[in-house]
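J.: If you're matching positions, the sequence shown starts at 27 in our numbering and goes up one per residue.
All C-beta atoms, glycine included, are put in the ideal place defined by N, C-alpha and C.
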Amino acid sequence: MSQYSNRDPLLKGTRILDLSRVMSGPYCTSMLSDLGAEIIKIEMPSSGDEARFFGPYKEGESTYFILLNRDKKSVTINLKMDEGIQLIKQLIRQSDVLVENFRPGVMRRLGLDYDSIKAMKPNIIYTSISGFGLDSPMAGLPAFDLVIQAMSGLMNLTGFSNGPATAIGESLADVCTGMFAAWGIVAALFHRERTGEGRHIDVSMLDSMFAMQLTGLSQRLYFDKEPERVGNRHPVTYPVDSFATKDGAIVLVAFTDAVYQNLAHAMGKPELVDDPQFIDNSARNKNEDLLRSIISDWTQSETTAEILSILHEAKVPCASVWSLGQVMESEHQKIRHLVDKGQHSKLGEIPLVPQPVKFNGEGMQDPQHVPQLGEDTESVLMELLDISENDLATLRQKGVI
């Protein structure tokens, strides 16, 4: 049985009109859906969100799209037609929040820019997600996760010192921007509850990735020092690094003199405690290569399990390097429910990844369903806009929906 409860979802009664595609915007609205918000996802007729065509595929269905669009209602409306734009405006009047991640300028050309929408619904919370922000001189440039990782400085400091700049192995810029956008929306909803005022939220992928790099920025801002690539080690403290074992790899974090001393005793080398080459963090950084060699010789002499047992006993923070499969099979996952179950009209029961925050020990609500393209068009337009079946048929025939 799932641990999720449908009792009092925090955003119940909040309606979000989601014009976003691919990842940053859909990730944002999936977070809000998990908190109980109603998400009306607008897609182009016939084609839909581009993410529907991103692999990998399960029986022809994009599993990438599935993980980003749980518990949303899919409504197909043609934004290239005036009648489609009028439908969008009517839906905005019935919504609390609008989320879009078009390139800056597109919404204005559609007549859906913030000033136009605010004039018809003053308390709207209008969220614009883009690569560089609405007023950046680079606003018109296309932005993808890899582009932002490269331009944010993160890629330049990721990798080993003798190797090239390296991208993080996930779409980190998209995900983090989506989280910042969701945070902004919740704050704006709270503000509107107190004041009745709407807000225009402008979230940039580049800004989001830059703001995350606190360790690097602590060097660059205060010491005018450009952070260097240091592999898996910490850029300031040593030994905080990864090491091979007989049968795998571990990481250890000797982040203070006291923990380093525990490590030295755990390795059976108490003489390292008072060795001038390693007496404090400054000395350990200066003699990093020698210390790494000493630790590596020790870790490679034992299995991962044996090394972890010794380090845990010595109170040295450590872990083995897990694959996703190992995380999924772990007792932690089973207790914390990192993966839940939902339904798909074609695939049946499917695994989904809900937002990870617990409220009073529980997640907010069960992920239930992932929509097929346009499956909610008629029900949403009939319920919210009171459009008749005959008018819906006419709109469909004309290609508006």
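Hey, D402 and V101: beta-carbon distance below 7 Å or not?
T.: Against a cut-off of 7 Å, the Cβ pair of V101 and D402 comes out as a contact.
J.: Quick check on T221: buried or exposed, where buried means 16 or more other Cβ atoms within 10 Å of its Cβ?
T.: Per the 10 Å Cβ criterion, exposed.
J.: Name the DSSP beta bridge partners of C344, please?
T.: Paired residues: L278.
J.: On the DSSP bridge list, what partners appear for Q369?
T.: E375, H395.
J.: Select from V285, D108, F281, K272 the residue whose C-alpha is nearest the C-alpha of K341.
T.: It is V285.
J.: Give the straight-line distance between the Cα atoms of F249 and L243, rounded to the nearest whole angstrom.
T.: Each residue's alpha carbon lies about 9 Å from the other.
J.: Among the residues of its own chain, which have a CB less than 7 Å from the CB of D233, if the five just before and after it don't count?
T.: So the qualifying residues of the chain are G159.
J.: Tell me L43's beta-bridge partners as DSSP assigns them.
T.: Answer by DSSP bridge pairing, in chain order: I66, L124.
J.: Note down the Cα distance separating L411 from K67, rounded to an integer number of angstroms.
T.: So the alpha carbons of these two residues sit roughly 16 Å apart.
J.: Would the beta-carbon of I114 fall within 7 Å of that of I143?
T.: No, Cβ-Cβ distance for I114 and I143 is not below 7 Å.
J.: Looking only at its own chain, which residues have a Cβ that is under 6 Å from the Cβ of M107, when we skip the five neighbours before and after it?
T.: V426.
J.: Grab the span of the beta strand (DSSP E) containing F269 for me, first residue to last.
T.: Counting along the chain, the beta strand (DSSP E) containing F269 begins and ends at 266–270.
J.: Which residue marks the beginning of the beta strand (DSSP E) containing R225, and which one marks its end?
T.: It spans 225–230 - the beta strand (DSSP E) in which R225 sits, taken as one unbroken run.
J.: Going by Cα to Cα distance, which pick from L45, D97, E109 is closest to T420?
T.: Checking every option, the nearest Cα to that of T420 belongs to E109.
J.: Take A165 and list the residues in its own chain whose beta-carbon comes closer than 6 Å to its own, dropping the five residues that flank it on each side.
T.: Same-chain partners within the cutoff: P130, F158.
J.: Should A214 and I151 be called a contact, given that it needs their Cβ atoms to be closer than 7 Å?
T.: Yes, they are a contact pair.
J.: Rounded to whole angstroms, how far is the Cβ of G274 from the Cβ of V347, which I believe are closer than 8 Å?
T.: Confirmed, Cβ separation roughly 7 Å.
J.: Taking 8 Å as the threshold, find out whether the region 186–197 comes into contact with the region 262–276 through three or more Cβ pairs.
T.: As far as the Cβ criterion goes, the region 186–197 does not touch the region 262–276, which means the pair count is below three.
J.: The beta strand (DSSP E) with T102 in it runs from where to where?
T.: Unbroken beta strand (DSSP E) run through T102: 98–102.
J.: Would you list the one or two residues that DSSP bridges to E87?
T.: Note: E87 sits in a beta bridge opposite K84.
J.: Report the rounded CA-to-CA distance for F170 versus S308, giving the unit in angstroms.
T.: Answer to the nearest angstrom: the Cα atoms are 39 Å apart.
J.: Which class does E388 belong to by DSSP, given the choice of helix, strand or coil?
T.: In this structure, E388 counts as strand in the three-state DSSP scheme.
J.: Look up T184 in the DSSP assignment and say whether it is helix, strand or coil.
T.: If DSSP states are grouped into helix, strand and coil, T184 belongs with coil.
J.: Check whether the Cβ atoms of S72 and F80 lie closer than 7 Å to each other.
T.: No, the Cβ-Cβ distance between S72 and F80 is not below 7 Å.
J.: Would you identify the three-state DSSP class for I111, choosing helix, strand or coil?
T.: Three-state DSSP puts I111 in a helix.
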